[in-house]
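Counting from 7, one number per residue, gives the positions in the sequence shown under our numbering. The next block holds one structure in the form of structure tokens; read it before the comments.
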Amino acid sequence: MSVLSEFRYPTKWYAKLVAAALALVFFGLLANGTIAGFLLYRILSPARSQAESISGDFPGHPEAITFNVPEVGARKGWFFPGLKSAPTIVLCHGYQSNRSELLTLVSALQDHQFNVFMFDFSAHGSSEGFSTMGFREAEELRAALATIRRRTDVDTSRFGIWGTNLGAYAAIVVALGDDGVKALALDSPYNRPEDMVRLQVRRSGLGALPLMQGTAVFGFHWLNYRHRHEPPLAARLPKLTGAPKLFLEAADDPDFEQSTRELFQASAEPRELVELAHGNYAGMLDEEKRVYENRIVSFFLLNIPPVSQRRR
């Protein structure tokens with residue numbers, strides 16, 4: 007009893023030292039948790055750049071489509087019509103991006119008679135909420151495909167998906183359970199959503215602080231507890247045997263370059279790996295963009311050609 011009393015009301019030097027150390031640890035953990043919580047909030051709710059407003063008079067004559075995602079709400083998308091009964095390519099933007107940044111890629115695909123659809127993931131562009139780095143985004147992509155399947159002017163049995171980082175993760179998850187996805191172009195995918203959280207913590211400059219990364223990842227797991235049993239993509243990709251897969255890795259982004267190569271190696275045939283000098287499609291120079299777009303268009307033309315070309 008005297009020992010407990012001494013630590014409660016320390017009078018001796020060693021008791022004061024232990025009490026001070028415990029107080030320091032407590033306030034250190036409190037500060038770490040507070041900073042990590044705020045950092046995680048900023049990561050999952052990035053600054054949103056609004057998707058530009060376009061109408062049916064815009065080149066390509068897009069149709070504005072609103073669709074609902076269970077337990078999430080409404081999402082807005084643009085459908086760019088191609089050849090009637092042609093397959094649809096769904097474009098999935100990356101983290102801290104939005105659908106407007108993909109309009110030139112839309113034009114390249116539409117010029118080759120593909121139908122094209124794109125929308126904003128949670129916490130990006132016109133969509134509110136918080137990002138889950140792929141968990142909820144896969145559900146949004148499923149809802150988008152279900153919406154397109156209700157149309158009568160497209161081939162509802164053949165879809166292609168292009169995605170980058172966040173969008174690439176969602177594309178793989180959806181393709182694993184959807185036989186209608188016939189081709190995948192995957193730019194800088196990552197293995198697990200928490201990998202993206204770790205990367206953003208490091209890039210924030212706070213990753214060097216003790217326990218910061220682990221605390222942020224713990225918070226992310228807690229927020230996404232219902233997805234706790236989802237295995238990493240590397241464990242699931244061997245099952246994706248039907249759809250051709252084009253993996254694109256960026257030499258100027260070592261983190262994504264490594265994850266892309268690892269997922270490519272884990273993937274089943276048919277597959278292809280292409281190394282790019284620079285990543286970030288939206289930030290590419292015009293000539294580099296054209297080369298990139300030609301590669302994407304060629305991949306989809308080869309694997310899911312529009313109906314008119316397939317019948318020749």
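We put the CB at the ideal spot given by N, CA and C, even for glycine.
Closer than 8 Å by C-beta to V180: which residues in its own chain qualify, once you throw out the five before and the five after it? Chain order, please. Here the set comprises A144, L147, R148, L151, I167, V187.
Just how far apart, CA to CA, sit P311 and V223? If I take the Cα positions, the gap works out to 42 Å.
Residue burial classification, L50 (beta-carbon count within 10 angstroms, cutoff 16): By the C-beta density criterion, L50 is buried, having at least 16 other C-beta atoms within 10 angstroms.
Using the three-state DSSP reduction, which class does V313 fall into: helix, strand or coil? Assignment of V313 by DSSP, reduced to helix, strand and coil, places it in the helix class.
Report the residue from H67, S133, V75, G79 whose alpha carbon sits nearest the alpha carbon of V122. Comparing Cα positions, the closest option is H67.
Contacting residues, own chain, Cβ-Cβ under 6 Å from L217 (five flanking each side not counted): Excluding sequence neighbours, L217 sits near N38.
Is it buried or exposed for Y298, if we count other Cβ within 10 angstroms and need 16 for buried? Buried.
List the whole-angstrom C-beta distance separating P93 from F165, where the pair is believed to meet the contact cut-off of C-beta under 8 Å. About 6 Å separates the beta carbons of P93 and F165, which is inside the 8 Å limit, making them a contact pair.
Bounding residues of the alpha helix (DSSP H) (the contiguous stretch that carries M202): Annotation: the continuous alpha helix (DSSP H) that includes M202 extends over 199-209.
Could you check the C-alpha separation between P238 and F85 for me, to the nearest Å? A direct Cα-to-Cα measurement between P238 and F85 gives close to 31 Å.
As a quick exercise: from S210, S133, I60, A241, pick the residue whose alpha carbon is nearest that of L182. Out of S210, S133, I60, A241, A241 has the C-alpha closest to the C-alpha of L182.
Between the segment 259-278 and the segment 226-234, are three or more C-beta pairs nearer than 8 Å? Segment contact: the segment 259-278 against the segment 226-234, fewer than three CB-CB distances shorter than 8 Å; contact not assigned.
Strictly by DSSP, which residues pair up with V187? Residue pairing from DSSP places V187 in a beta bridge opposite F165.
Please report the straight-line C-alpha distance between G211 and Q219, rounded to a whole angstrom. Those two C-alpha atoms are separated by around 11 Å.
Taking A174 as the reference, which of G83, F141, R155, T153 has the closest Cα? Considering only alpha carbons, the answer is F141.
Let me check understanding here. Comparing Cα to Cα, which of K82, F64, E236 lies closest to A70? Among K82, F64, E236, the Cα nearest to that of A70 is on K82.
The beta strand (DSSP E) spanning D160 covers which residue range? The sequence shown places Val at residue 160, rather than the Asp named in the question. For V160, no beta strand (DSSP E) encloses it, and the DSSP letter there is neither H nor E.
Per-residue DSSP class, three states only, for E236: The answer is coil: DSSP assigns E236 none of H, G, I, E or B.
Close beta carbons around T153, own chain, < 6 Å, minus the five adjacent residues each side: If we look at T153 and ignore the five residues flanking it on each side, its Cβ neighbours are F73.
May I have the straight-line CA-CA distance separating G43 from G225, to the nearest angstrom? Looking at the backbone, the Cα of G43 and that of G225 are separated by about 7 Å.
What is the DSSP secondary structure of I60, reduced to helix, strand or coil? Looking at I60 - three-state DSSP - the assignment turns out to be coil, as it is neither helix nor strand.
If you reduce the DSSP assignment to three classes, tell me which class S153 lands in. A small correction: the amino acid at residue 153 is Thr; Ser does not occupy that position in the sequence shown. In the structure shown, T153 sits in a helix (DSSP, three-state: H, G or I).
With a CB to CB cut of under 8 Å and the five nearest residues on each side skipped, what residues in its chain are close to T110? These residues qualify, in order along the chain: K295, E299.
Around the Cβ of S128, are there at least 16 other Cβ atoms within 10 angstroms (buried) or fewer (exposed)? Buried, because 16 or more other Cβ atoms sit within 10 Å of the Cβ of S128.
Decide if F306 is buried, meaning its Cβ has at least 16 other Cβ atoms within 10 Å, or exposed. That one is buried.
On the premise that L243 lies in contact with S273, defined as a C-beta separation below 8 Å, what is that separation, rounded to the nearest angstrom? With a beta-carbon spacing of about 4 Å, S273 and L243 fall inside the 8 Å limit used to define contacts.
Tell me where the beta strand (DSSP E) around M124 begins and ends. In the DSSP annotation of this structure, the continuous segment of the beta strand (DSSP E) that includes M124 starts and ends at 121-125.
Would G100 and L172 qualify as a contact pair, given that the criterion is a beta-carbon distance under 7 Å? If you check the CB distance, G100 and L172 come in under 7 Å.
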